[in-house]
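Structure first, then comments.
In our numbering, the protein residues as written are 1086 to 1467.
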């Protein structure tokens, strides 16, 4: 068993960290306060190849495996302090994965190249006002109208929603009520489609540069060729998508954790109180020790999750375990970091307060911590 990253992965890590620190960390505080998406930085990431990490080479991407992609996202989040931008990139990558796995040749040809170069922004919409963790209770429905489909309903909290030129939508087939999700299908719908409208960006506690909104479908017309995968296969697609998403989100969280840990180690070595560095106090050093333990454990979980997916295997249990542990660890690490920095940590100019606000979303998005515990228990036969 080899726990080492390849030379290529290590080189890419260093390259992405250097790029992120050099190009992506200006104006973050202003963008955070204004809820402004950094479109210029998005384009820089596209030029760096980050949006095409998982796109096959024939469509203009890098064709990386998931483990290499996870390492790249970990490096991006370590170097880039704008977690909202990283989240937007992960959303784009997840949409690319679904198109690559389930899209028709026509759909791949039409969208993958534009998504990989950043020309087109994508979103995937599952969550509804009355259907969050309980996905099967979604009310958005799709009916056949002869020449295609008619989509009605609404989604909420959709990442990249206000910016997306194309959206992946999950909807119930008519009045079907299959308890196993066999009545759910998946579609692509373009911005500007009659009956499809986008709400205003939602104001959030954290991840403010990430744009989220409601989506509304009022008998929106969807051509038959815009179905993603087969009719009734929506839950199968969703379950696959959520595993990829949890891998990439976990990678992002670990990058942030390592960055926050580095700040704390540097600070406690230079900050003096009562005649010595505060890192000499066990109450401080123990917090940092816990942060390091959680970081290293999280990396092992991440690389196993990604490896399983690269082997073509399901990683339902592993993805839930990793997502739960790392998201909760991120939140506790950011809280400890603010505490370690004292009054300075509470100030906006320190940036740790933004990391803390951003970290709260980690235990909610891509499945709440409570749902991960439910999934783990169910997988154990409880």
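From the three backbone atoms N, C-alpha and C, an ideal C-beta is built for every residue, glycine too.
When C-beta atoms of the stretch 1268-1278 are compared with those of the stretch 1151-1162, fewer than three pairs fall below 8 Å, so the two segments do not count as touching. Apart from the 5 residues on each side of it in sequence, residue 1259 sits with its Cβ closer than 7 Å to the Cβ of 1226, 1228 in its chain, given in chain order.
Per DSSP, the continuous alpha helix (DSSP H) segment holding residue 1175 begins and ends at 1168-1187. Only residues of its own chain outside the window of five on either side were considered, and among them 1386, 1389, 1390, 1393 have a CB closer than 8 Å to the CB of residue 1403, listed in chain order. The DSSP-derived three-state label of residue 1113 is helix. Between the stretch 1339-1354 and the stretch 1423-1437 there are three or more C-beta pairs closer than 8 Å, enough to call the two in contact. In terms of Cβ geometry, residue 1341 and residue 1407 do not form a close pair [threshold 8 Å].
The beta carbon of residue 1199 sits closer than 7 Å to those of 1205, all from its chain and outside the five residues before and after it, given in chain order. The beta carbon of residue 1414 sits closer than 7 Å to the beta carbons of 1342, 1379, 1383 from its chain, once the five residues preceding and following it are set aside; these are given in chain order. Residue 1308 is bridged by DSSP to 1233. The Cβ-Cβ distance between residue 1214 and residue 1239 falls below 8 Å. Three or more Cβ pairs drawn from the stretch 1316-1331 and the stretch 1174-1187 lie within less than 8 Å of each other, which places the two stretches in contact. Separation of residue 1202 and residue 1106 (C-alpha to C-alpha, rounded to the nearest whole angstrom) is 21 Å. Distance between residue 1357 and residue 1367, taken at the CA atoms: about 14 Å.
The three-state secondary structure of residue 1130, taken from DSSP, is helix. In this structure, residue 1400 places its C-beta atom within 8 Å of the C-beta atom of residue 1328. Non-local beta-carbon contacts of residue 1460 in its own chain, meaning distances under 8 Å to residues more than five positions away in sequence, involve 1401, 1402, 1405, 1452 in chain order.
Per DSSP, residue 1220 is not a residue of any alpha helix (DSSP H), being assigned neither H nor E. Looking at the DSSP output, residue 1227 bridges to 1236, 1258. Between residue 1282 and the set 1241, 1164, 1136, 1354, the nearest pair of CA atoms involves 1241.
When only Cα atoms are considered, residue 1121 and residue 1337 end up about 20 Å apart. According to the DSSP assignment, residue 1433 belongs to no beta strand (DSSP E), since it is labelled neither H nor E. For residue 1458, the secondary structure class from DSSP, reduced to helix, strand or coil, is helix.
Assignment of residue 1323 by DSSP, reduced to helix, strand and coil, places it in the helix class. Our two residues, residue 1365 and residue 1352, have alpha carbons roughly 12 Å apart in a direct line.
For residue 1303, the secondary structure class from DSSP, reduced to helix, strand or coil, is strand. Note on geometry: alpha-carbon atoms of residue 1114 and residue 1436 lie some 8 Å from one another.
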